[in-house]
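Chemist: Protein chains in written order, with the numbering used here: chain A, 1 to 630; chain B, 1 to 376.
Spelled out as structure tokens, the structure:
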């Protein structure tokens, strides 16, 4: 049996207390990097260099050209809750600096050995200090340029337990890289350089252009393709007392609904969203290409990522994610950052509103520039031509994604459509599809149309699916509760398997919203009363029979097996998919024309609701090049 | 076999029977017509071996009787392009190669053994009814369009014939609309309820165009077939088995608004609206406004999302409340096209209750069509 613990309660010695508290802030090398980067940015640095060794476990050095720490305060800087960023509790509501807890340096020093060199603009010389076991051991004058260098070594060396929990040097390096990526994108005016074990992994030029930062972080191709997003919007109405900046006492929930009450302009709180988002043709297999910055702070917000993705709804295949860098600016009192010591999460006072604005902003930008992929040049055998005519697009390390560089990966992440490498060949069309002259149908599957800028191949199923989907959605928006429907002359009793009956009753609201009308009855049957008008009307227009029972059964089958889309769109998308002409259906010329015309009128003609492309564009110029005409 | 006939006669006969030939078949001989020459005439036959058979007799100068089959398409296309002169067909004993000559054209067509041709069953006389051809034709025209072309319930792909007393009621429904036509008979018919495939009736309607006088309907005892005897032509149809829905309950007994309009005017406005309704899946809205002073008016409108809209107006005699109802433009056109009266009445009760159309002054026909639930 273990010896009974001493049951007396004792106040911990300060050093131990500091080490425990440090654990909250400093759990792995990336936390060190983050805290030091934030300090550098708060010190108004224009250039920040991060150097790490062995994933930051052996060494993390952050050097900035910021304002520095006055030489007489260097000891205070390592005291817990010592900060220059916060003077009184009220300031918490309107913080503009990244840090404010005054814990960073103290926490880092509690778990490592720190050398600090700092010099303010006014000081003649720099001051250098060594911190050991949390105590400032030696302070002396040194020669250095203005700014601060913090050199952290032997992280967790006296904490073997924590050391054991660290992952491989490679994954710690990745985590640090992520921190630097976030900062580089949040502060495009700051030049960043990141070096790991003597290898430069990132170099962002600073200068303030977000696109440059994106190029440094991702690639030149991605940076060039991004669309600019910028939106100002008034926050929803708040009680007048809320409009004062120091609203600390009022923490009522703000009403979500808009109000007609107008305020004098200087008092109206605004939300501003700036940034760059990728066209729908640019998508990735993970969410690492989405970055959020709120009031100058890189943050994580799964909810807002969902908002961005909703903007791409129906444009990007399920399981794929867009590229986006969004900076959201709103009054400080509208957000609460002080939720977690790591400060990566935050709470919006009115999250639903922010969510809606983000989604709307993304939608607006995408709607203004639909893109249509053109086949990879290889398809036309243009690859060599391209290389000779367009010498190496990008040669810097930034040509490859930094994370891939870290992993030493020699191949880019496999993309959904490698053949349709839209990163380099996407064509943006402000006006959507041009008016196409129908040339015919290929293989009973594709339509081919001609426009002045080349020819277009259209997947007839995907295109028809998109057209029907938009009609279903339009009717759904118009009626909110019930989609347009075509009632049956006489209700039809349909017997279903138990699984299908359960599915039908579970999704009944979604079914109703697209125009079905039925009721589940005892056992495993439904009484079908009406069918979606869109489908019925489309069948009738095309001179096809409309079989209500079969359509209902098919729709259930499709919904059951279609897990590419979730939520209420699932029924709408599967309805469109079911009703659309199939690949292999030979279409009459009039029907082909009608399909093209309808696609030209579609809001987002370039993708089917499941995200597959509907249209490929073969550029007239590429064609001319392929034939050696230019 | 040695036959001589007029090009026009053979052409007409081949066109008539070719309608029975299936578009696709696993039985090659069903792509052939059977050519049987007997004294003074040639009998042409075609069948899909399942649901329909058509025979057509043309007069001919037969010097040596005989029989052969010939590929329908080849023969029909060849004959169609020949001049209006006499065609001579000869087939040597035990040969399958038919020689044809017309004017200065000669051809040779390979046929098959006539004994292999699917037999066209004789329809024994279990019941026999005579109807004037033009009246039967109108009854078919007014019902067959409302039948389903294919459906989970196969009975809906047919037209229901209910024979009782001195009347045949023809009815067809496709799940969204119902057409009923009452045909009075000169003699008592044996009470009977059968479903004739709409496709066969469509072909019959075509054949009836050139018939004057009476048509004889004969049902077989087993209740599986019906024969329409047009004199020179016969059509045998396999009946659909099953129970036709009880449609009487689907015809509203009372409605709140009766709107009387000129059929041609409404058809014209519907046609115009349908152009605009094309993108909107065919939604055509009708709004009837009664007037106490003069005639009321009926507005017909349609809109195509983000493209445009259209609104037409015609005079209407409206008895009852203001009426709003939306129909599929195609459904409306279909029924307006087969009403042969100048004026028609639309009976409605609400935007969600069935609409009823009847010709003015002709109570043999009634049509019920389901409106759409749309946003007004």
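The beta carbon of each residue, even a glycine, is placed where N, CA and C say it ideally should be. Predicted, not measured: the structure shown is a model, and the values here were computed from it.
1) Which of the three DSSP states, helix, strand or coil, is assigned to residue 11/B?
2) Would you say residue 133/B and residue 181/B are within 8 Å of each other, going by their C-beta atoms?
3) Report the neighbours of residue 533/A on chain B: residues whose CB is nearer than 8 Å to its CB, in chain order.
4) Determine, using beta carbons only, whether residue 383/B and residue 219/B come nearer to each other than 8 Å.
5) Any Cβ of chain A within less than 8 Å of the Cβ of residue 200/B?
6) Would you report the Cα separation of residue 50/B and residue 284/A, rounded to the nearest angstrom?
7) Determine, using beta carbons only, whether residue 535/A and residue 575/A come nearer to each other than 8 Å.
8) Quick one: Cα of residue 369/B to Cα of residue 501/A, how far?
9) Determine the direct distance from the alpha carbon of residue 192/A to that of residue 401/A, and round the result to whole angstroms.
10) What is the DSSP secondary structure of residue 281/B, counted as helix, strand or coil?
11) Taking buried to mean at least 16 other C-beta atoms within 10 Å of its own C-beta, is residue 246/B buried or exposed?
12) Along the region 545-564 of chain A, what residues have a CB closer than 9 Å to any CB found in chain B?
13) Is there a Cβ from chain A that is less than 8 Å from the Cβ of residue 244/B?
14) Please report how far the alpha carbon of residue 241/A lies from the alpha carbon of residue 332/A, in whole angstroms.
15) Can you look up residue 158/B in the DSSP assignment and give me helix, strand or coil?
16) At a Cβ cut of 8 Å, what residues of the region 326-343 of chain B count as close to chain A, listed as they run along the chain?
17) Name the chain B residues whose beta carbon is nearer than 7 Å to that of residue 628/A?
18) Taking all protein chains shown into account, decide if residue 125/B is buried (16 or more other Cβ within 10 angstroms of its Cβ) or exposed.
19) Going residue by residue through the region 151-220 of chain A, where are the continuous alpha helix (DSSP H) segments of at least 4 residues, counting only ones entirely within it?
20) Residues in the same chain with beta-carbon distance under 7 Å from residue 66/A, minus the five sequence neighbours each way, listed in chain order, please.
21) Measuring only between beta-carbons, confirm whether residue 485/A sits less than 8 Å from chain B.
22) Reducing DSSP to helix, strand and coil, say where residue 275/A ends up.
23) Taking Cβ-Cβ distances shorter than 8 Å, what residues in chain B pair up with residue 530/A?
24) Quick check on the DSSP output: the beta strand (DSSP E) that includes residue 251/B runs from which residue to which?
25) At a Cβ threshold of 8 Å, is residue 308/B touching chain A?
26) Can you give me the start and stop residues for the beta strand (DSSP E) that residue 234/B sits inside?
27) How many whole angstroms separate the CB atoms of residue 330/A and residue 235/A, which I take to be in contact at a CB cut-off of 8 Å?
28) From residue 621/A to residue 464/A, what distance separates their C-alpha atoms?
29) Under 9 Å Cβ-Cβ, which residues of chain C neighbour residue 488/A?
30) With a cut-off of 8 Å, does the C-beta of residue 538/A fall near any C-beta of chain B?
31) Spatial neighbours of residue 232/B within its chain, please: CB distance less than 8 Å, with the 5 preceding and 5 following residues excluded, ordered by chain position.
32) What are the residues of the region 248-274 of chain B that lie near chain A, defined by any Cβ-Cβ distance shorter than 8 Å?
33) Using a Cβ-Cβ cutoff of less than 6 Å, which residues in the same chain neighbour residue 59/A once the five nearest sequence positions on both sides are dropped?
34) With a threshold of 8 Å between beta carbons, is residue 582/A in contact with chain B?
35) Distance, Cα to Cα, residue 348/A vs residue 334/A?
36) Does residue 134/B come out as helix, strand or coil in the three-state DSSP assignment?
Modeler: From the atom records:
1) Locating residue 11/B in the second chain gives position 11, where the first residue counts as 1. Note: residue 11/B maps to helix in three-state DSSP.
2) Stepping through the second chain from its first residue, residue 133/B is reached at position 133. Stepping through the second chain from its first residue, residue 181/B is reached at position 181. Their beta carbons are not under 8 Å apart, which means residue 133/B does not touch residue 181/B by this criterion.
3) Along the first chain, read from residue 1 onward, the residue named residue 533/A stands at position 533. In chain order: 281, 283, 372, 373 and 374.
4) Given that chain B is displayed from residue 1 to residue 376, the structure contains no residue 383/B and the question cannot be resolved.
5) Taking the first residue of the second chain as 1, we reach residue 200/B at position 200. No, because no Cβ of chain A sits closer than 8 Å to the Cβ of residue 200/B.
6) Residue numbering aside, residue 50/B sits at position 50 when the second chain is read from its first letter. Residue numbering aside, residue 284/A sits at position 284 when the first chain is read from its first letter. Looking at the two C-alpha atoms, the distance is approximately 57 Å.
7) For this step, residue 535/A is matched to residue 535 along the first chain. For this step, residue 575/A is matched to residue 575 along the first chain. Result yes, Cβ atoms of residue 535/A and residue 575/A sit closer than 8 Å.
8) Stepping through the second chain from its first residue, residue 369/B is reached at position 369. Stepping through the first chain from its first residue, residue 501/A is reached at position 501. Their backbone Cα atoms lie some 30 Å apart in a straight line.
9) In the first chain, the residue the question calls residue 401/A occupies position 401. In the first chain, the residue the question calls residue 192/A occupies position 192. Bear in mind that a pLDDT of 49 at residue 401/A, under 50, signals an unreliable position, so the model cannot answer this.
10) As a working note, residue 281/B is residue 281 in the second chain. Residue 281/B falls in the coil class under three-state DSSP.
11) Taking the second chain and counting its residues from 1, one reaches residue 246/B at position 246. Residue 246/B comes out exposed.
12) 545, 546, 547, 548, 549, 550 and 553
13) The residue you call residue 244/B lines up with position 244 of the second chain. So no, residue 244/B is outside the interface.
14) What you label residue 241/A is simply residue 241 of the first chain in a count that begins at 1. What you label residue 332/A is simply residue 332 of the first chain in a count that begins at 1. Low confidence applies to residue 241/A: its pLDDT is 39, below 50, so where it sits in the model is not reliable, and the reading given next is rough at best. One C-alpha to the other measures close to 16 Å.
15) For the purposes of this step, residue 158/B is taken as residue 158 along the second chain, with counting starting at 1. Three-state DSSP puts residue 158/B in a strand.
16) 328, 330 and 331
17) In the first chain, counting from the first residue as 1, residue 628/A sits at position 628. Per Cβ cutoff of 7 Å: no residues; residue 628/A is ~42 Å from chain B at best.
18) Looking up residue 125/B in the second chain gives position 125. With fewer than 16 other Cβ atoms within 10 Å, it is exposed.
19) 160-165, 169-186 and 210-217
20) Taking the first chain and counting its residues from 1, one reaches residue 66/A at position 66. Once the five neighbours on either side are set aside, the close Cβ partners of residue 66/A are 40, 43, 44, 45, 147 and 148.
21) Counted from its first residue, the first chain places residue 485/A at position 485. Output row for residue 485/A: interface = yes.
22) Here the question's residue 275/A lines up with position 275 in the first chain. The answer is strand: DSSP assigns residue 275/A an E or B state.
23) Within the first chain, numbered from 1, the residue matching residue 530/A stands at position 530. Within chain B, the residues near residue 530/A are 373.
24) Taking the second chain and counting its residues from 1, one reaches residue 251/B at position 251. Unbroken run through residue 251/B: none, as it is neither H nor E.
25) As a position in the second chain, residue 308/B is number 308, starting the count at 1. No - not a single Cβ of chain A is within 8 Å of the one on residue 308/B.
26) Within the second chain, the letter at position 234 stands for residue 234/B. Residue 234/B -> beta strand (DSSP E) spans 233-238.
27) Mapped onto the first chain, residue 330/A falls at position 330. Mapped onto the first chain, residue 235/A falls at position 235. Sure, about 7 Å apart at Cβ, within 8 Å.
28) Locating residue 621/A in the first chain gives position 621, where the first residue counts as 1. Locating residue 464/A in the first chain gives position 464, where the first residue counts as 1. C-alpha separation (whole angstroms): 28 Å.
29) Considering every chain present, this structure includes no chain C. Its protein chains are A and B.
30) As a first step, residue 538/A is located in the first chain; it is residue number 538 there, counting from the start. Answer yes: the Cβ-Cβ gap between residue 538/A and chain B drops below 8 Å somewhere.
31) What you label residue 232/B is simply residue 232 of the second chain in a count that begins at 1. Taken in chain order, the residues that qualify are 56, 57 and 58.
32) 250
33) Translated into positions along the first chain, residue 59/A becomes position 59. Only 53 and 153 meet the Cβ criterion.
34) By one-based count along the first chain, residue 582/A stands at place 582. Answer no: the Cβ-Cβ gap between residue 582/A and chain B never drops below 8 Å.
35) Here residue 348/A refers to the residue found at position 348 when the first chain is read from its first residue. Here residue 334/A refers to the residue found at position 334 when the first chain is read from its first residue. Between residue 348/A and residue 334/A, the C-alpha separation is close to 6 Å.
36) Translated into the one-based positions of the second chain, residue 134/B becomes position 134. Of the three classes helix, strand and coil, the one that applies to residue 134/B here is helix, per DSSP.
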